[in-house]
Ligand code: GLU
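Numbering (the working numbering), first residue to last: 24 to 323.
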């Protein structure tokens with residue numbers, strides 16, 4: 024039977040692959056294989072200030088070295104901007120220009136007695152129009168105004184997740200002050216345009232998901248299923264990234280070293296016990312191991 028499952032790995036090209044991003048790549052790849060589905064790769068390169076030249080090709084070479092073949096053509100978000108423009112037009116009156124700086128939002132939060140460490144909740148300053156003398160900077164999406172409306176979903180790994188995006192996030196940015204399209208809009212548009220049915224990614228994005236569900240609702244596109252895997256942290260409990268000292272994937276390493284230093288540690292982190300002496304044997308064993316793990320966790 025043909026499967027309708029379409030999954031994806033969507034790295035930002037801010038540096039080479041490392042254990043943290045390999046875990047997300049591996050989990051999404053295994054989940055697509057277990058479901059007999061397709062696995063797409065999309066380079067999320069909209070934040071031009073954070074892109075590292077050549078990181079996209081380096082990541083793709085690492086996936087090839089790991090034996091992770093993607094389906095279809097790789098896509099780059101910077102080549103898809105007309106799609107985000109069209110979505111913006113469709114959102115119409117749900118979107119408004121905002122002239123506030125980060126500092127002004129932080130200051131208003133302090134005035135409301137919220138701690139500086141709390142995530143910045145936009146207080147809605149420009150919701151009814153730009154304050155006199157303010158120039159438009161970002162574009163924001165109005166969050167639902169029904170008091171206490173929570174947006175919930177069933178995460179395949181974490182179970183039920185709920186968020187009141189109006190109270191906990193506020194009207195959020197869909198085009199940034201620097202003119203770049205925001206991740207929240209682009210990810211929803213692309214997942215829908217590419218027919219993605221299943222999103223498997225790191226749990227650092229768990230609290231972005233209700234915003235994405237809301238955008239899907241407004242754009243009239245289907246909600247995918249979600250599975251958020253735990254994120255790899257360093258000794259200080261920070262999410263592993265180039266900035267927090269992750270070791271870069273070595274595209275020149277031998278297959279034995281790749282197995283021992285990258286594939287096996289990523290599999291162990293996911294709770295998979297995979298005995299294999301070669302890369303093809305690793306995947307032959309990892310796919311059924313992921314299937315068992317899903318069944319044990321009732322995360323099918
Ligand atoms: N581009 C995001 C990242 O590298 C992932 C986005 C997603 O999977 O939705 O963290």
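Where a beta carbon is used, it is the ideal one built from N, C-alpha and C, also for glycine.
Would you tell me roughly how many angstroms separate the C-alpha atoms of residue i and residue j, rounded to the nearest one?
i: residue 196; j: residue 304; result: 45 Å
i: residue 321; j: residue 218; result: 25 Å
i: residue 300; j: residue 54; result: 22 Å
i: residue 51; j: residue 154; result: 45 Å
i: residue 186; j: residue 94; result: 34 Å
i: residue 285; j: residue 272; result: 8 Å
i: residue 39; j: residue 281; result: 14 Å
i: residue 122; j: residue 104; result: 23 Å
i: residue 111; j: residue 212; result: 10 Å
i: residue 159; j: residue 118; result: 12 Å
i: residue 233; j: residue 146; result: 19 Å
i: residue 240; j: residue 98; result: 24 Å
Which residue or residues does DSSP assign as beta-bridge partners of residue i?
i: residue 161; result: 121
i: residue 52; result: Per DSSP, none; premise fails for residue 52.
i: residue 305; result: None, per the DSSP bridge assignment.
i: residue 225; result: 252
i: residue 30; result: 62
Buried or exposed: residue i, going by 16 or more other Cβ atoms within 10 Å of its Cβ?
i: residue 142; result: exposed
i: residue 58; result: buried
i: residue 259; result: exposed
i: residue 323; result: exposed
i: residue 35; result: buried
i: residue 113; result: exposed
i: residue 116; result: exposed
- Message: I want to know whether the stretch 233 to 248 touches the stretch 169 to 177 - three or more CB-CB distances under 8 Å.
- Response: yes
- Curious, which full-length alpha helix (DSSP H) runs of at least 4 residues does the stretch 59 to 121 contain? 78 to 88 and 104 to 114
- Query: Which ranges does the beta strand (DSSP E) cover as unbroken runs of at least 3 residues, wholly within the stretch 145 to 213, from first to last along the chain?
  - Reply: 161 to 164, 174 to 178, 182 to 186 and 195 to 198
- Three or more C-beta pairs closer than 8 Å, one from the stretch 42 to 51 and one from the stretch 71 to 79: is that the case here? no
- Message: Between the stretch 214 to 229 and the stretch 28 to 37, can you find at least three pairs of beta-carbon atoms closer than 8 Å?
- Response: yes
- Item | Uninterrupted alpha helix (DSSP H) stretches inside the stretch 231 to 301 (no shorter than 4 residues) | 232 to 242, 278 to 281 and 287 to 292
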